[in-house]
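Protein chains: 2
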Amino acid sequence: MDDGVIFVGNKPLMNYVMATMAKFSNGIGEVTLKARGRAISRAVDVAELIRRRVLPEIQLKKIDITTEELTDENGRDINVSGIEIVLAKP
Amino acid sequence: MDDGVIFVGNKPLMNYVMATMAKFSNGIGEVTLKARGRAISRAVDVAELIRRRVLPEIQLKKIDITTEELTDENGRDINVSGIEIVLAKP
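Here the protein sequences come in this chain order: A and B.
Just so we're aligned: the first sequence equals residues 11 to 100 in the working numbering.
Just so we're aligned: the second sequence equals residues 11 to 100 in the working numbering.
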């Protein structure tokens with residue numbers, strides 16, 4: 011089952027915009043954009059493009075910022091910030 | 011008067027963390043971190059460091075994402091995403 015989650019990474023912006031549009035047009039009522047580190051600004055770009063240009067009926071439901079503890083290649087713990095943006099059909 | 015706004019740009023992360031700490035220790039009850047474009051992820055880093063490490067009593071009050079219309083060096087309109095994160099003393 012589609013959980014409505016899109017992980018935003020380093021692909022071109024429009025890939026994520028189209029993935030979001032596809033989920034909404036498949037009848038999913040809520041799409042969550044998740045991103046970490048430098049991809050955070052791309053997730054914001056996706057959300058803004060969707061709600062202001064592509065699908066103006068879509069609403070911004072929730073934004074959360076997070077910290078994840080990861081282990082780097084040298085075995086050290088590092089903290090990486092993340093964002094979760096929930097878009098919803100009204 | 012200090013309006014409690016910090017514009018997060020390309021300086022080292024700790025500059026903004028210390029600027030935020032300074033505002034709270036000067037008695038300002040709310041600090042708003044504003045960033046555009048690639049600096050958005052740095053603003054999230056600042057907010058997460060402040061509330062999870064440096065000043066655990068500080069709460070995340072509001073997050074907003076925005077679009078600003080700017081004009082580039084060739085006179086073309088471009089849209090730039092931004093974020094506003096409001097941190098508050100309880």
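C-beta: ideal position from N, C-alpha, C; glycine also.
Residue i classed as buried or exposed, judged by whether at least 16 other C-beta atoms fall within 10 angstroms
| i | result |
| --- | --- |
| A/L59 | buried |
| B/S35 | exposed |
| B/V181 | Here chain B has residues from 11 to 100 only, and residue 181 of chain B is not among them. |
| A/D55 | buried |
| A/G92 | buried |
| A/I7 | With chain A running from 11 to 100 in the structure shown, residue 7 of chain A is simply not present. |
| B/K33 | buried |
| A/T42 | buried |
| A/K21 | exposed |
| A/R61 | buried |
| B/L97 | buried |
| B/R88 | Looking at the sequence shown, residue 88 of chain B is not Arg but Ile. Per the 10 Å Cβ criterion, exposed. |
| A/R86 | exposed |
| B/R46 | buried |
Identity of the residues DSSP links to residue i by a beta bridge
| i | result |
| --- | --- |
| B/G39 | DSSP output for B/G39 lists no bridge partner at all. |
| A/L10 | Because chain A spans 11 through 100 in this model, residue 10 of chain A falls outside it and cannot be assessed. |
| B/D87 | B/T81 |
| B/I75 | B/I93 |
| A/I50 | None, per the DSSP bridge assignment. |
| B/V15 | B/T42 |
Beta-carbon separation (whole angstroms), residue i vs residue j, contact threshold 8 Å
| i | j | result |
| --- | --- | --- |
| B/M31 | B/L65 | 7 Å |
| A/E79 | A/K44 | Going by Cβ atoms, the distance from A/E79 to A/K44 rounds to 16 Å, so no, they are not a contact pair. |
| B/A73 | A/I68 | In the sequence on display, residue 73 of chain B carries Ile and not Ala. Going by Cβ atoms, the distance from B/I73 to A/I68 rounds to 18 Å, so no, they are not a contact pair. |
Residues in the stretch 46-65 of chain A with C-beta within 7 Å of chain B's C-beta atoms, listed in sequence order? G47, R48, I50, S51, V54, D55, A57, E58 and R62
In the stretch 64-82 of chain A, which residues sit with their C-beta less than 8 Å from some C-beta in chain B, listed in chain order? L70, I73, D74, I75, T76 and T77
Count the CB pairs spanning the stretch 42-55 of chain A and the stretch 39-50 of chain B that are closer than 8 Å, and state whether there are at least three. yes
Counting only Cβ-Cβ distances shorter than 7 Å, please list the residues of the stretch 82-93 of chain B near chain A, keeping chain order. S91 and I93
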